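J.:
Protein chains: 4
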Amino acid sequence: MTDTTIPTPQAPPPDIVRCASMELVVTDLAASRDFYVDVLGLVVTEEDEHAVYLRTLEEFIHHNLVLRQGPTAAVAAFSYRVRTPEDLDRAVGFYTELGCRVERRAHGFVRGVGDSVRVTDPLGFPQEFFHEVEHVERLAWRYDLHTPGALVRLDHFNQVTPDVPRAVRHMEDLGFRVTEDIQDGEGTTYAAWMRRKPTVHDTAMTGGDGPRMHHVAFATHEKHNIIAICDKLGALRLSDRIERGPGRHGVSNAFYLYLRDPDGHRVEIYTQDYWTGDPDNPVVTWDVHDNQRRDWWGNPVVPSWYTEASPVLDLDGVPQPVVARTDTSEMAVTIGADGFSYTRPEDAARAAAHLEDDVLPSWKQGEYKLGHQL
Amino acid sequence: MTDTTIPTPQAPPPDIVRCASMELVVTDLAASRDFYVDVLGLVVTEEDEHAVYLRTLEEFIHHNLVLRQGPTAAVAAFSYRVRTPEDLDRAVGFYTELGCRVERRAHGFVRGVGDSVRVTDPLGFPQEFFHEVEHVERLAWRYDLHTPGALVRLDHFNQVTPDVPRAVRHMEDLGFRVTEDIQDGEGTTYAAWMRRKPTVHDTAMTGGDGPRMHHVAFATHEKHNIIAICDKLGALRLSDRIERGPGRHGVSNAFYLYLRDPDGHRVEIYTQDYWTGDPDNPVVTWDVHDNQRRDWWGNPVVPSWYTEASPVLDLDGVPQPVVARTDTSEMAVTIGADGFSYTRPEDAARAAAHLEDDVLPSWKQGEYKLGHQL
Amino acid sequence: MTDTTIPTPQAPPPDIVRCASMELVVTDLAASRDFYVDVLGLVVTEEDEHAVYLRTLEEFIHHNLVLRQGPTAAVAAFSYRVRTPEDLDRAVGFYTELGCRVERRAHGFVRGVGDSVRVTDPLGFPQEFFHEVEHVERLAWRYDLHTPGALVRLDHFNQVTPDVPRAVRHMEDLGFRVTEDIQDGEGTTYAAWMRRKPTVHDTAMTGGDGPRMHHVAFATHEKHNIIAICDKLGALRLSDRIERGPGRHGVSNAFYLYLRDPDGHRVEIYTQDYWTGDPDNPVVTWDVHDNQRRDWWGNPVVPSWYTEASPVLDLDGVPQPVVARTDTSEMAVTIGADGFSYTRPEDAARAAAHLEDDVLPSWKQGEYKLGHQL
Amino acid sequence: MTDTTIPTPQAPPPDIVRCASMELVVTDLAASRDFYVDVLGLVVTEEDEHAVYLRTLEEFIHHNLVLRQGPTAAVAAFSYRVRTPEDLDRAVGFYTELGCRVERRAHGFVRGVGDSVRVTDPLGFPQEFFHEVEHVERLAWRYDLHTPGALVRLDHFNQVTPDVPRAVRHMEDLGFRVTEDIQDGEGTTYAAWMRRKPTVHDTAMTGGDGPRMHHVAFATHEKHNIIAICDKLGALRLSDRIERGPGRHGVSNAFYLYLRDPDGHRVEIYTQDYWTGDPDNPVVTWDVHDNQRRDWWGNPVVPSWYTEASPVLDLDGVPQPVVARTDTSEMAVTIGADGFSYTRPEDAARAAAHLEDDVLPSWKQGEYKLGHQL
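Residue numbers (my numbering), protein chains in the order written: chain A, 20 to 393; chain B, 20 to 393; chain C, 20 to 393; chain D, 20 to 393.
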C-alpha cells in the first residue's frame, strides 16, 4: 500500500449525475463496430472513418460509447455527466487544486457534447465531465429495433488501481459513496463499489496493477437478454468472446456476463442490482474468502479476469505507466498456492487451515488451483 | 471397444412411452429429502421411514423419483412406462431371449405402480418397465405450490457405458432412435442421445467406465427457473452442489444446470430442447473437438463431470462391476495433454496441429489443461 | 345438434404424426408477407409472386405455413404429416369409405412436399396428408436469426364446427385423443381439444357456425417472447392486430396471445402446455361457467373471438357453406343476457340464480354483458 | 378547472429521497394480511392485533406498507423519506406557510420510524415525511424466501385529483419533476407522472374526483414475476382480484398489473421503466386519444379503473370530502359517447370525425363503448 494519501481539496467537487460514456481506442474500427453494433446491438448515433458514436436503447444523450481508431487499444476517457454547466468550473477547481493536468474545451473532445473538462486524476485515470449534450431519440418504445439481447443503459465502469482504500477516499472526495466492498480479516481491501446514481455503482475500484480499465458495463432488462447474447455469440462462432459467466454476482446481486471485445477490452452485461439512494444505505462488506462473493453460485473466477485489463491514456494519448499492487492480490489469497475459499462461513476456519480439499468440492476449486490438476 | 455385439432378439421389444422414474438409493434419507423436496421443490406423493416417493408438478402418475435408504449410493432402477399391459410380456420375452436376468412382480417393486418387470440389461443397467400406475393430482394449475425453480417433468436419464456404439445398437433394438451424437474424424463415438418420446432423449449413452448412471434430468418451463435454483442454492450456502452450468448445451440446444445431491448423484435441470418426433428427424452429429458441443458458449466442462458417476445395482441390490472404457475418452481428446478444441471449424486444422494457444483464449481452455496453469 | 353421426370406417386411418402446416389464401400477398415475415419473424423457405412458403425456427421440413394469393381470404388446407408413405393409401381408403371427395397428387399440391392426399372431410374441412417432404435447415441453433418474439414450432389448429361431439367422434376415428373439453351440466359440449403428438392438441373443435377455421397457433419458448410480439406491434402502431390476450389459458395451461392477420385470419401465439402422451392421460373437463376456463386470470373473452372465423375451401377452391350451430353458444351462456360465470365453484349456484353482480366484479363481466354498460 | 392556484412558499421544501411507504386502513386485518402476505408475499417486519408492517424483499427500512385495522377503507398516509433530519423542519415550514394543518411526532406515527411530520396538503392528501428509521435485513440475497412473484421495491403512488395542472404545480414546488403526461389538443391535462428518485415516478396525479388514492405500486424484477402473480391468483380462485392487465404501459414503458385488495384498494405490480435522473430528462407527452398511451398494446382500460379509488383521511382519521373534476374525463373523451381513440396517429383526424368504427376494430373498442353492445 502506498503511503501517499491524496489530499481532500478545499474546492467543492462537481455534482456528478451518472457515468455517461466511455471513449475506447480500438485498433480495428471495423472489427469493433461489428462487435458492438452487429453482435451487441448498440445503436449508431453517428460515425465517420475515425470514430463511431454508440448509444443504448433507452439513452437520450448522444452516446454512451465512442470507438476511436488508434494505434493501441486503450481507454481515452471515463466520462461523467454533471448536473449544471457550473459543475464544469467546479471540476476545474477541484482537480487544479490537486495538481492534476486539466484541459477544457468549449465544444467538447468528441461529437455530441458541448463544454467539457478532461483531467488525468490523481489515480492516473482520464476522467471527463460534461453537461451540455445533444439529445437524440430515446428508443425505449422502439421495440421494432430491440434484439433479444437488447442493451438499454450504460450501467457502470470498473477501474483497476493498486491501492483501493486510497482510491476510495479520493472518489469519496469527488462525491461518491461506497455501497459494497471486499475485504479480509487482516484489513486488506480488495475492491470497492461506489455510486453517484442510486444503483450499486457508477464505478468500482478493483485492486491490481493500475491505472487500468477493468470493464465497462451495459444493462439489459432481464436475465434472458444476457443469455440471448451468449446464444448469439455461439451461433456466430464467437463464443470465445465470453470470458466469464453468465452468473449471479454476490456483490451487487446482479446477473452478469463478461465479454472481451476484438481488442480485449472487457465488457460486462449486467442486470438487476438494487436501490442504494438512501443516505444511510447499508454498506455490504464481503469476506474475500467467501466463495460466493464474486459469483453467488460459487463458480470459479477465471484467472484472466483478475489479471488482464486495458491501458488508460493521458491527455496526450500516451498510455499511463502501470504501478504494481503491493497488497496481496485477490487471486493469490483465494485460488493461489496459499489461498482458500469457503462456501459456508462455518467452514472458514477449516479452510484457513488449508484443508481446502475438505471444504470445496473439486469442481469449485477453479482452473489454476495448484495441486489440483489432473 | 469390445467385440461382443449384443444380438438383436427375434422377440419384439415393449412399446416404451417414456422414461418415467428413477429409483435412487441414498445413504441419508433425511438429507436427500431436504435436497429434493425443500431445495428443489419436488412433491412428496407418499413416504415412510425407508423411502420417499416424489413427483414433478405436471406429473399425474405416482412418482418420478424414489429415494430409498440404503447402504451405498446407487441407482436401483431406470424405469420406463410402456403403452399396454401386454408390453410387459414383450419385455420379458425380449430380455429373456437375450439371456438377461428378468424379474416380474404383479404388485410392483415400489409403491404406486402395478405389474412390473425389472431386468439387468446386456449393458449391465437395471431397467424397469411398468404400465399400471396410480394416478395422482396433476399440479400443473396449482401455481400456489410452484416455486421460482419449479420442476415440471422428468425429462431423461443419462448412462455411462464403455462402448457407445454397442449400447446404441442395443437401445435401437429396444425401439430407441438416435437424435444426436458426438464423434471424431477417426470414427470414435463419444456419446449418443436417444429418444422414445419426441424430445431429444429419454436416455443418453455417455462413453466411460460403466455401467454407471451419469445423471437424471428434470425439466423447468423457462430459463429463469433454472437460474432461480442456483440463486436459492447460494442463499442456502449450498452453492457447492452446483457442479457445472448453468449454460446452453450444443447437443440438444437445451439450457442446463448440473447439481450433485448429498450422495453425489448428479441431477440435471433442463429446458427447451426441440421436437424430434418425425420419422426422418435429422440426426445431429457433433465433432468432439467442437468447443461448443457440450456448452454452446464454449465454457469448459469441469473434469468431475467426465469422470464421476453413480454405481448401478443388479437385481439383488449389489453394485455392478465397472468395465473400463478402452476407446479414447472425451476428456483426454479435448482437454488432456494431447487434446484440442476449437471454436470455429476453420480453426480445427490449426488446433489439431496443437497450436491450441492460438485457437482458444486462456479463459476457454478449461481447468486442467496441461501446461496452462499459472 | 345434428342427428347424423359420421360412420366409423372399416378402413384403418392413416398414422398421423402431427399437424404440420396450413395453406392460407390471402387477398394481399405483400401485406400478409409483411405480417408473417417482417412482424412475426417466420422464415421464408421459398416464394414467388403467387405464394410464400414459411417455416418456424426449429422446423426442418419445408414449411409450416403457405400464403397463397387468392380472391377470398380462406383456408385451403389443414395439413398433417403421416408416419409412412403407406399412410397415404390409408388416408385414401379411410375417406373414400366415408364418401368424401379425395384427391391425390404424386408431386404434391404445394412446393416442398411429395405425394399428398387432400380431402374434404365429413365435417367440411379441407384436410391434407403427406409424408415425403424436402428437408431444410433447422434454425434452432441460429440464434443470430432469432428475434425477441421467435416462433419455434407450429403448435396446433383450431376449427369451428356446429356439433362438437359429432366432430370429436369423427376425429377419434381418425386416431385423435381428447385431452380437454368444455361442457355444461346439461350435457352440452362447447369445445374439445385433441392430439396426435403428445401435447394438448394438434387441433381443437370449437362449437359455432362451421366449417370455419378459428386459428392456427405457433409456439415460442418462453412467455417473454409473446410479450415481445405485443411490444413490437405497439412500436409499429399495429397494436390493433391484437385481438385477445396475452393471458394464461385455463384449458391447456398455456400462455397465449391472439392476433388477426391482414385478412382477419386469427393466429395464436402459444407456449408451455403439458405432456399428454401417456395412454391414460387424464382428460380435463371444464365447466363452461367457470370464468377461468378460457383465461385463467378471468379476463373477459372479447365477443369477436367467439363469433369471427375464416372460411374454408373445398377442393375446387370454393368456400364451404356454413352450417349454423344449434346448440347454445358459449358466448350466450356466459356473457349473454341469460349467461353467467363464476370465479369460485362455490359461487356457481348463486351465479346460476342470476345474481351475477354479486359473484363477478364489474371489471370481470366483459365487454358486452347486457345491463352493465355505463 | 379551479381558479385557485396554490401559492409557492418562500420556505424551501424538504429534500425528498423517495416514496417510502403507505399506511392503508383496512376493514378486515386478517383478510388483508392474507392478501398482502400469503398471496403477494410481502414480508412481515412486525405486527400486532391492530396493524401489520410489511416490506419488500430489497428494502432495508422498517416497512413499505402499513395495514391498520379501521372502520373505513382509506389511506392514512403517503409517506416519503427525506434526506436529513433537518428536512423535517423544512417540511414543517413549507406546509405551515401554505396554511396546512401540520403535526409532528418525535417518535413517529407508526412503528419503525422516528421523528415524523404529517400534513394535510393543499390538495387534501395526507402526506408524511420522515428520516429516522429502523434498519432491517435487506432480503435481496435471500432467494430461499423469494416467491415466483417476488415484490422487491415500493415503486410509486398514484393520486386522484380534480385539477391536474394545479396539483402538478404544487408538487413541483415540493421538488418533484414531471416525466410524462397525457394531454389533448385543447390544453386539458388528464394525468401527470412526477419523480424524485430517477424513475418515471414517485407519484402520479390522475384527473378525477379527489382527493383519492388511485393505487400503490410495487416492483418486481422481471415480467414473468407479474405473470406468476396472476397464475397464483387463478390457482387460489382469486382471479377476480385482477382488475386490469397484465400489459405494457405506453406511459412509463413499464410492464404492469392492477389488483384490488379485499377492501378494493388498488395495487399495481410494475416493472422496467427507465432512467429519468438527468436534469434535462425529456418529458413525454401523450395524446389522450392515442389508444396505446395507457396500454401499449391498445387493450381497453376497464371503466372501474377510471372511476374507482380509495378515500384519503385527514389527520383526525376522517375521510376527506371529494371534489368533482370539472375538466372532461379521460374515460369520456376516449370510450364515452363522444369519445374516440386511434391506434395510428394518421388515423386521428378520421377518428375525431367520429368514424371510430373504421379506425378501431371491435375488439379494441372497450367494454362500455356506446353503440357497440351485442
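Note that CB positions come from ideal geometry on N, CA and C, so glycine has one too.
None of the values given here were measured: they were computed from a predicted structure.
Pairing CB atoms from the region 58-75 of chain B with CB atoms from the region 25-38 of chain B, are three or more of them under 8 angstroms?
T.: no
J.: Exposed or buried, what is C/VAL302 when buried is set at 16 or more other beta-carbons lying within 10 Å of its beta-carbon?
T.: Here residue 302 of chain C is taken as the residue at index 283 of the third sequence, counted from 1. By the neighbour-count definition (other C-beta atoms within 10 Å, threshold 16), C/VAL302 is an exposed residue.
J.: How many Å lie between C/ASP228 and C/ASP333 at the Cα?
T.: Working through the third sequence from its first residue, we reach residue 228 of chain C at position 209. Working through the third sequence from its first residue, we reach residue 333 of chain C at position 314. Using only the alpha carbons, I get a separation of about 17 angstroms.
J.: For A/ALA30, would you say it is in contact with chain B, using Cβ-to-Cβ distances shorter than 8 angstroms as the test?
T.: On the first sequence, position 11 is the one that residue 30 of chain A refers to. Not closer than 8 angstroms to any Cβ of chain B, the Cβ of A/ALA30 fails to qualify, so no.
J.: Say whether chain A places a C-beta atom closer than 8 angstroms to the C-beta of B/MET20.
T.: Residue numbering aside, residue 20 of chain B sits at position 1 when the second sequence is read from its first letter. Per-residue confidence for B/MET20 stands at a pLDDT of 42, beneath the threshold of 50, marking its modelled position as unreliable; no derived number is given.
J.: Cα separation between D/GLY355 and D/VAL56?
T.: Taking the fourth sequence and counting its residues from 1, one reaches residue 355 of chain D at position 336. Taking the fourth sequence and counting its residues from 1, one reaches residue 56 of chain D at position 37. Roughly 38 angstroms separates the two Cα atoms.
J.: When we look at the beta-carbon of A/ASP280 and count the other beta-carbons within 10 Å, is it buried (16 or more) or exposed?
T.: What you label residue 280 of chain A is simply residue 261 of the first sequence in a count that begins at 1. Buried, since its Cβ has 16 or more Cβ neighbours within 10 Å.
J.: Taking CB distances under 8 angstroms as the criterion, tell me whether C/ASP228 reaches chain D.
T.: Counting from one through the third sequence, the residue named residue 228 of chain C turns up at place 209. C/ASP228 does not count as touching chain D.
J.: B/ALA30 by DSSP, collapsed to three states: which one?
T.: Numbered from its first residue, the second sequence carries residue 30 of chain B at position 11. In the structure shown, B/ALA30 falls within a coil segment according to DSSP collapsed to helix, strand and coil.
J.: Closest Cβ-Cβ distance between C/ARG52 and chain A: below 8 angstroms?
T.: As a working mapping, residue 52 of chain C is identified with position 33 in the third sequence. C/ARG52 does not count as touching chain A.
J.: Could you check where the alpha helix (DSSP H) with C/GLU108 kicks off and where it finishes?
T.: Mapped onto the third sequence, residue 108 of chain C falls at position 89. Correcting the residue type first, residue 108 of chain C is Asp in the shown sequence and not Glu. Unbroken alpha helix (DSSP H) run through C/ASP108: 105-116.
J.: I believe A/TYR4 touches A/HIS268 by the beta-carbon criterion, under 8 angstroms. Please report the beta-carbon distance rounded to the nearest angstrom.
T.: The structure shown does not extend to residue 4 of chain A, since chain A is modelled only from 20 to 393, so the question has no answer here.
J.: Let me check you understand the geometry: is the CB of C/ASP314 closer than 7 angstroms to at least one non-hydrogen atom of the ligand SAH?
T.: Inclusion of the ligand SAH in the displayed structure is not the case, the ligand content being empty and no account of it being possible.
J.: So C/ASP192 is in the alpha helix (DSSP H); what residue range does that whole segment cover?
T.: Working through the third sequence from its first residue, we reach residue 192 of chain C at position 173. Segment 183-192, the alpha helix (DSSP H) holding C/ASP192.
J.: Starting from the N-terminal side, write out each stretch of the alpha helix (DSSP H) that is 4 residues or longer and does not extend beyond the region 330-384 of chain A.
T.: 349-354, 367-371, 375-378
J.: Report yes if the C-beta distance between C/THR362 and C/ASN310 is below 8 angstroms; otherwise report no.
T.: Position 343 of the third sequence, counted from the first residue, corresponds to residue 362 of chain C. Position 291 of the third sequence, counted from the first residue, corresponds to residue 310 of chain C. Yes.
J.: Answer yes or no: does any C-beta atom of chain C fall closer than 8 angstroms to that of B/ALA367?
T.: Working through the second sequence from its first residue, we reach residue 367 of chain B at position 348. It does not: the Cβ of B/ALA367 has no partner Cβ on chain C nearer than 8 angstroms.
J.: Once DSSP output is grouped into helix, strand and coil, what is the label at C/ARG102?
T.: Counting from 1 along the third sequence, the entry for residue 102 of chain C is found at position 83. Here C/ARG102 sits in coil by DSSP.
J.: Using the Cβ count rule (16 or more neighbours within 10 Å means buried), how would you classify C/ALA351?
T.: Looking up residue 351 of chain C in the third sequence gives position 332. Exposed, since its Cβ has fewer than 16 Cβ neighbours within 10 Å.
J.: Quick check on this structure: which residue in D/GLY296, D/ALA211, D/PRO230 has the alpha carbon closest to the alpha carbon of D/THR326?
T.: In the fourth sequence, the residue the question calls residue 326 of chain D occupies position 307. Residue D/PRO230 is the option with its Cα nearest to D/THR326.
J.: Go ahead and label A/VAL337 buried or exposed: buried means 16 or more other beta carbons lie within 10 angstroms of its beta carbon, across all protein chains shown.
T.: Position 318 of the first sequence, counted from the first residue, corresponds to residue 337 of chain A. The residue is exposed, with fewer than 16 neighbouring Cβ atoms inside 10 Å.
J.: Based on Cα-Cα distance, which residue from A/VAL341, A/SER381, A/GLY296 lies nearest to A/VAL219?
T.: Counted from its first residue, the first sequence places residue 219 of chain A at position 200. For A/VAL219, the nearest C-alpha among the options comes from A/GLY296.
J.: Residues of chain C with CB closer than 8 angstroms to the CB of D/THR362, please, in chain order.
T.: As a first step, residue 362 of chain D must be located in the fourth sequence, where it is residue number 343. Ordered by position in chain C, the residues that pass the 8 angstroms Cβ test against D/THR362 are ARG256, LEU257, SER258, ASP259.
J.: Work out the CA separation of A/VAL197 and A/SER271 for me, nearest whole Å.
T.: Locating residue 271 of chain A in the first sequence gives position 252, counting from the first residue. Locating residue 197 of chain A in the first sequence gives position 178, counting from the first residue. Distance between the alpha carbons of A/SER271 and A/VAL197 is about 12 angstroms.
J.: Report yes or no: is there a C-beta of chain D within less than 8 angstroms of the C-beta of A/ALA110?
T.: Here the question's residue 110 of chain A lines up with position 91 in the first sequence. No - not a single Cβ of chain D is within 8 angstroms of the one on A/ALA110.
J.: Out of D/TYR293, D/GLU156, D/GLY143, which has the shortest C-alpha to C-alpha gap to D/ASP182?
T.: Residue 182 of chain D sits at position 163 when you count from the first residue of the fourth sequence. The option with the nearest alpha carbon to D/ASP182 is D/GLY143.
J.: Tell me whether A/ASP163 sits in a helix, a strand or coil according to DSSP, three-state version.
T.: Here residue 163 of chain A refers to the residue found at position 144 when the first sequence is read from its first residue. The answer is helix: DSSP assigns A/ASP163 an H, G or I state.
J.: Where DSSP assigns a beta bridge to D/TRP305, which residues make up the other side?
T.: In the fourth sequence, the residue the question calls residue 305 of chain D occupies position 286. Partner(s): D/ILE201.
J.: Tell me whether A/TRP212 sits in a helix, a strand or coil according to DSSP, three-state version.
T.: Here residue 212 of chain A refers to the residue found at position 193 of the first sequence. A/TRP212: strand per DSSP, three-state reduction.
J.: Near B/SER258, which residues of its chain fall below 6 angstroms by C-beta distance, leaving aside the five closest residues on each side in sequence?
T.: Here residue 258 of chain B refers to the residue found at position 239 of the second sequence. Closer than 6 angstroms at the Cβ level, and outside the excluded window around B/SER258, lie LEU252.
J.: Taking the alpha-carbon positions, what's the B/LEU389 to B/GLY358 distance?
T.: As a position in the second sequence, residue 389 of chain B is number 370, starting the count at 1. As a position in the second sequence, residue 358 of chain B is number 339, starting the count at 1. No answer about B/LEU389 holds up, because its pLDDT of 43 lies below 50 and its placement is not dependable.
J.: Among residues of its own chain, excluding the 5 on either side of D/VAL342, which ones have a beta-carbon nearer than 7 angstroms to its beta-carbon?
T.: Taking the first residue of the fourth sequence as position 1, residue 342 of chain D is located at position 323. Closer than 7 angstroms at Cβ, skipping near neighbours: PRO181, ASP228, GLY229.
J.: How is the beta strand (DSSP E) around A/LEU276 delimited, first residue to last?
T.: Along the first sequence, read from residue 1 onward, the residue named residue 276 of chain A stands at position 257. Per DSSP, A/LEU276 belongs to the beta strand (DSSP E) from 274-279.
J.: Residues of the region 144-162 of chain A in Cβ contact with chain C at a cutoff of 7 angstroms, in chain order, please.
T.: TRP160, ARG161, TYR162
J.: So, helix, strand or coil for B/PHE148, using DSSP?
T.: One-based indexing of the second sequence puts residue 148 of chain B at position 129. B/PHE148 falls in the strand class under three-state DSSP.
J.: Assign D/TYR325 to one of three DSSP states: helix, strand, or coil.
T.: Taking the first residue of the fourth sequence as 1, we reach residue 325 of chain D at position 306. Correct three-state label for D/TYR325: helix.
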